[in-house]
Amino acid sequence: MSNGEGAAPDVMVRLHDVGLSHDGGRNFILRGVDLEIRRGEFVAVLGPSGAGKSTLLRIAMKLIAPTEGEVTLAPAATAQGRPAGLVFQDAKLMPWRTVQRNVELGLEGLGLGRAERHARALDALRLVGLAEQAGRWPRQLSGGQRQRVGVARALTVEPALLLMDEPFGALDAITRAGLQEELLRIWAQTRKTVLFVTHDIDEAMILADRIIVLAGHPASVRGDLAVGPRPRDRGAPAMQILAERLRALIAGDPDPAEAGYWRASEI
Amino acid sequence: MRMGASRRSLYRPLLGAVGLVAMFGLWEASVRVGLVPSGLLPAPSALVPAWLDEVRGGFWQGAIRDSMTHYLLGLVIGSVLGGLAGLLCGAVPVLDALLSGVVRVLRPIPGLAWVPFAILWFGLDTAGATFVIAISVFWINFYAAHGAVQSIDRDLFEVAAAFGHGGFGGRLFKVVLPAAMPGLMSGLRTGLGQAWMSVVAAELFGVPGIGARMMQASSLLATDLVVIYMLTMALLYALTDMAFMLVRNRILGWQG
Ligand SMILES: Nc1ncnc2c1ncn2[C@@H]1O[C@H](COP(=O)(O)OP(=O)(O)OP(=O)(O)O)[C@@H](O)[C@H]1O
Ligand SMILES: [Mg+2]
Chain L
3 MSNGEGAAPD VMVRLHDVGL SHDGGRNFIL RGVDLEIRRG EFVAVLGPSG AGKSTLLRIA
63 MKLIAPTEGE VTLAPAATAQ GRPAGLVFQD AKLMPWRTVQ RNVELGLEGL GLGRAERHAR
123 ALDALRLVGL AEQAGRWPRQ LSGGQRQRVG VARALTVEPA LLLMDEPFGA LDAITRAGLQ
183 EELLRIWAQT RKTVLFVTHD IDEAMILADR IIVLAGHPAS VRGDLAVGPR PRDRGAPAMQ
243 ILAERLRALI AGDPDPAEAG YWRASEI
Chain S
10 MRMGASRRSL YRPLLGAVGL VAMFGLWEAS VRVGLVPSGL LPAPSALVPA WLDEVRGGFW
70 QGAIRDSMTH YLLGLVIGSV LGGLAGLLCG AVPVLDALLS GVVRVLRPIP GLAWVPFAIL
130 WFGLDTAGAT FVIAISVFWI NFYAAHGAVQ SIDRDLFEVA AAFGHGGFGG RLFKVVLPAA
190 MPGLMSGLRT GLGQAWMSVV AAELFGVPGI GARMMQASSL LATDLVVIYM LTMALLYALT
250 DMAFMLVRNR ILGWQG
């Protein structure tokens, strides 16, 4: 099991006992991280700023190698040479490419014709409501628009696995809610596996099937909680209890559910 | 600012022309009034007949042709080699470290100091002049390219890798070259001016061209000819720089 090869067929990403240190093992940012994401799941990674969420995402995508432990990506995650879709925390568009050409980045080298690349990029831009801006330069966009281009760039490769690093963190509440809805729609339609990083408890609860809490120094998985059925109602008592539990886990307190603060029937 | 852009694009060159006309006017006036003896500085109006003589004799065209040849050859060779070396050193830390000593030794030696060797190795001809010009342009482009590569946003390599361009070719063509382009371009532009100065230096020793013609004229105290070739060089520089900027602005449109 620990050699990674034996992962169950429906496991998309597995991290086993993963640790990461930037200084050769003296200080660890992450340590003993175990997690498994199954095909079609929508998983949120929730943790305070600086916990190591972005680092975890980079490790999961094999952009950086862990200092210890193993990472297994299902072949399906990067099938046919298609990269997984990654949405960066701060867009990270290439300033010398137009919006359109930025979105085409992941399509280049897949052997697609120019016209097809163009059409697919435009489809993705339409999805995030930026088709009109296709010909503009990144510097001519607002921060939120840039972020949406980043989402389009990830979607356009039609990835089996979509990794998103606080993609809506910089957006106003209204745009944010709209894009969350849009993302859920895309997810329901395509059944992509999504790993969504956020520090916003509300966002995690609205979007995810499962919420993984990453906290501590070094950070590790402090909780792995399932969220109730969709559609979600923020006001529902079960959601409020869940939010309370998440808050406690992030703060490093014991899980109130296990500490017996609530009767089991409430949960 | 954005609104006035089109108006300003006319406004600046217009003012520049006004300044030029004023300079020539003042110059002409001060010679005519006798403020400056015409023996020390010929008036602009006195240049025209001298220039016509040069053109009739074919000297002017010949000098331009020769110098342009040295200029373009030296510029292209020096820029390409310097740019490539700078890109490589900027991108490959081992190479950079390995060559850092060599660079430190060679860098401070001005192109002019190489003239004896240029004559020895290449002779008093196009190749010798080209060599001197290429050397001075080399270092400008080397440092521009080096710095441009070093200051690339490292995260963009990660973006490229995440979208399937993590290999050497992907990094080079999707990130390094486009990201370094503004730096490369500004190196090229500096070299464009530097190369004209080196043209004079390279030709002062007898390789035919504008510099050699200036040298001959000054030994005969023909100050009008010296000024004519000074202005010729200024004109050629202005033309090359303008042509370059047209290309540059097209390539770097994304910078706005
Ligand atoms: N290259 C690096 N060298 C050293 N330390 C680093 C490096 N990159 C990140 N860190 C450290 O690792 C920790 C985790 O960083 P990371 O970006 O993963 O946090 P995060 O959870 O994504 O935070 P945020 O929510 O603010 O984005 C931080 O303390 C950061 O200072
Ligand atoms: Mg982060």
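For the record, the sequence lines run as chains L and S. Residues are numbered in this note's numbering as their position in the first sequence, beginning at 1, plus a constant of 2. Residues are numbered in this note's numbering as their position in the second sequence, beginning at 1, plus a constant of 9. Built from N, CA and C at the ideal position, the CB exists for glycine as well.
Would you identify the three-state DSSP class for residue 204 (chain L), choosing helix, strand or coil?
Of the three classes helix, strand and coil, the one that applies to residue 204 (chain L) here is helix, per DSSP.
Can residue 57 (chain L) be considered in contact with ligand 1, in the sense that its beta carbon sits closer than 8 Å to one or more heavy atoms?
Yes.
Quick check: what's the CA-CA separation for residue 45 (chain L) versus residue 179 (chain L)?
If you take the alpha carbons of residue 45 (chain L) and residue 179 (chain L), they lie about 18 Å apart.
For residue 63 (chain L), go through chain S and note every residue whose CB falls closer than 8 Å to its CB, in chain order.
Residues of chain S passing the Cβ test: 171.
Which residues in chain S have a C-beta closer than 7 Å to the C-beta of residue 97 (chain L)? List them in chain order.
What residue 97 (chain L) touches in chain S: 263.
Reducing DSSP to helix, strand and coil, say where residue 214 (chain S) ends up.
Three-state result, residue 214 (chain S): coil.
Taking its Cβ as the centre, do 16 or more other Cβ atoms sit within 10 Å of residue 118 (chain S), making it buried, or is it exposed?
That one is exposed.
Given that a residue counts as buried once 16 or more other Cβ atoms are within 10 Å of its Cβ, and exposed if not, what is residue 188 (chain S)?
Counting Cβ neighbours within 10 Å, residue 188 (chain S) comes out buried, since at least 16 surround it.
Check whether the Cβ of residue 35 (chain L) lies closer than 8 Å to any heavy atom of ligand 2, and answer yes or no.
Residue 35 (chain L): no, Cβ never under 8 Å from ligand 2.
When DSSP labels each residue in this structure, what does residue 43 (chain L) get in the three-state scheme?
Three-state DSSP puts residue 43 (chain L) in coil, outside helix and strand.
Do you know offhand how far residue 129 (chain L)'s Cα is from residue 154 (chain L)'s?
The alpha-carbon atoms of residue 129 (chain L) and residue 154 (chain L) are separated by roughly 7 Å.
Can you name the residues that DSSP bridges to residue 74 (chain L)?
Note: residue 74 (chain L) sits in a beta bridge opposite L:16.
Can you give me the start and stop residues for the beta strand (DSSP E) that residue 234 (chain L) sits inside?
Premise fails: residue 234 (chain L) is in no beta strand (DSSP E) and is neither H nor E.
Closer than 8 Å to a non-hydrogen atom of ligand 3 - does that hold for the CB of residue 96 (chain L)?
Of the ligands one can find in the structure shown, namely ligand 1 and ligand 2, none is ligand 3.
Kindly list, in the order they appear in chain S, the residues whose Cβ is closer than 8 Å to that of residue 59 (chain L).
Going along chain S, no residue has its Cβ under 8 Å from residue 59 (chain L), so there is no contact; the nearest lies around 10 Å.
Return the CA-CA distance between residue 13 (chain L) and residue 258 (chain S), expressed in angstroms with no decimal places.
Using only the alpha carbons, I get a separation of about 50 Å.
Enumerate in chain order the residues of its own chain whose CB-to-CB distance from residue 29 (chain S) is below 8 Å, with the five nearest sequence positions on each side excluded.
Result list for residue 29 (chain S): empty, nothing under 8 Å.
Is any heavy atom of ligand 1 found at a distance shorter than 8 Å from the C-beta of residue 53 (chain L)?
At least one heavy atom of ligand 1 is nearer than 8 Å to the Cβ of residue 53 (chain L), so yes.
Residues in the same chain with beta-carbon distance under 7 Å from residue 35 (chain S), minus the five sequence neighbours each way, listed in chain order, please.
Cβ within range, chain order: n/a, list empty.
Please report whether the beta-carbon of residue 110 (chain L) lies at a distance below 9 Å from any beta-carbon of chain S.
Yes, residue 110 (chain L) lies at the interface with chain S (some Cβ there is under 9 Å from its Cβ).
Note down the Cα distance separating residue 29 (chain L) from residue 173 (chain L), rounded to an integer number of angstroms.
Taking the straight line joining both Cα atoms gives about 33 Å.
Using three-state DSSP, classify residue 257 (chain S) as helix, strand or coil.
Note: residue 257 (chain S) maps to helix in three-state DSSP.
Confirm the yes/no value for this check: CB of residue 31 (chain L), any heavy atom of ligand 1, distance under 8 Å.
Checking the Cβ of residue 31 (chain L) against ligand 1 gives yes.
Which residue comes first and which comes last in the alpha helix (DSSP H) that contains residue 148 (chain L)?
Unbroken alpha helix (DSSP H) run through residue 148 (chain L): 145–157.
Beta-carbon within less than 8 Å of residue 254 (chain L)'s beta-carbon, same chain only, minus the 5 sequence neighbours each way: which residues are those?
Cβ neighbours of residue 254 (chain L) beyond the five flanking positions: 217, 218 and 224.
Could you spell out the range, first to last residue, of the alpha helix (DSSP H) harbouring residue 227 (chain L)?
Here residue 227 (chain L) belongs to no alpha helix (DSSP H); instead the beta strand (DSSP E) covers 222–228.
To the nearest angstrom, report how far apart residue 237 (chain L) and residue 187 (chain L) are at their CA atoms.
If I take the Cα positions, the gap works out to 22 Å.
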